[in-house]
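>
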Amino acid sequence: MVTREVEAIARARAIRLALFDVDGVLTDGRLFYGPGGEAMKVFNILDGHGLKMLARSGVATGLLSGRRSEAAAARARELGIAHVVLGADDKLAHFDRLRGELGLEASQCAFVGDDLPDMPVLARCGLAVAVANAVPEVKAIAHLVTVTAGGAGAAREVCDFVMRAQGTLPDAAGSGGSGS
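Going by our numbering, the sequence shown opens with residue 701, and the numbers climb by one from there.
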């Protein structure tokens, strides 16, 4: 019998696009508001370096979030993430549009999520990943559940997993770079 991890490794080998939800995946899910609205989000530096390494390894990266956030847009610019969809009212439609533009099959795409609005994309993509702090329904349909919580290095864990499966982690890690 094939274990869940063995299946996830096989799926990860085919990945050419990795998409990440923002709140609860790249952040711990908390929102900080000041008098003028959303004031800040906290991102993990390990996640940023992982996203950069994954892109260098040949896997395109992107953000697919239901919330509009200048903090998330700024972080995406800082990391050089080319595919950014914020304020997605229908994540599945945006997922299908993006993969179509890139000429990819759903099986070549990974998505990392944590909550119910992520489920349609998780159900369609080739590698569905739930962060450790995801709701039970998301964990139940995921091919892989991270050990680490969202905002605490879960995205890095996913990036490393994909690169290990593809045999690109040593090269990506050795190519240096800073400012994650």
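Beta carbons are placed, not taken as given, at the ideal position from N, Cα and C, and that holds for glycine.
#1: If we ignore side chains and look at the alpha-carbon of each, how far apart do Arg864 and Arg767 end up?
#2: Counting pairs of Cβ atoms below 8 Å between the segment 718 to 728 and the segment 825 to 835, do you hit three or more?
#3: Quick check on this structure: which residue in Val706, Ala714, Val742 has the alpha carbon closest to the alpha carbon of Ala725?
#4: At the 8 Å Cβ level, is Phe732 part of the contact set with chain D, yes or no?
#5: Which of the three DSSP states, helix, strand or coil, is assigned to Met701?
#6: Taking the straight line between their C-alpha atoms, what separation do you get for Lys791 and Gly737?
#7: Among the candidates Arg756, Arg711, Leu786, whose CA atom is the shortest distance from the CA of Pro870?
#8: Just to confirm my understanding: we take Val706, look at its own chain, exclude 5 residues before and 5 after, and list those with CB closer than 6 Å. What are they?
#9: Return the first residue and the last residue of the alpha helix (DSSP H) that Gly851 is part of.
#10: Measure the alpha-carbon distance for Arg713 versus Ala855 and round it to whole angstroms.
#11: With a 10 Å radius around its C-beta and 16 neighbouring C-beta atoms as the bar for buried, classify Phe811 as buried or exposed.
#12: Whole-angstrom Cβ separation of Val847 and Asp814, contact assumed at under 8 Å?
#13: Met701 to Glu837, Cα distance in whole Å?
#14: For Gly737, does the three-state DSSP call read helix, strand or coil?
Reading off the structure:
#1: 31 Å
#2: yes
#3: The sequence shown places Val at residue 725, not Ala. Residue Val742 is the option with its Cα nearest to Val725.
#4: No chain D appears in the structure shown, which is made up of a single protein chain.
#5: With a pLDDT of only 45 at Met701, under 50, the local geometry of the prediction cannot be trusted, and the value read off the model is given with reservation. Three-state DSSP puts Met701 in coil, outside helix and strand.
#6: 24 Å
#7: Arg756
#8: none
#9: First-last for Gly851: undefined, no H or E at that position.
#10: 17 Å
#11: buried
#12: Actually they do not touch by this definition, with Cβ atoms about 14 Å apart.
#13: Only weak support is given to the placement of Met701: the predicted model assigns it a pLDDT of 45, under 50, and the value that follows is read from those uncertain coordinates. The straight-line gap from Cα to Cα measures roughly 24 Å.
#14: strand
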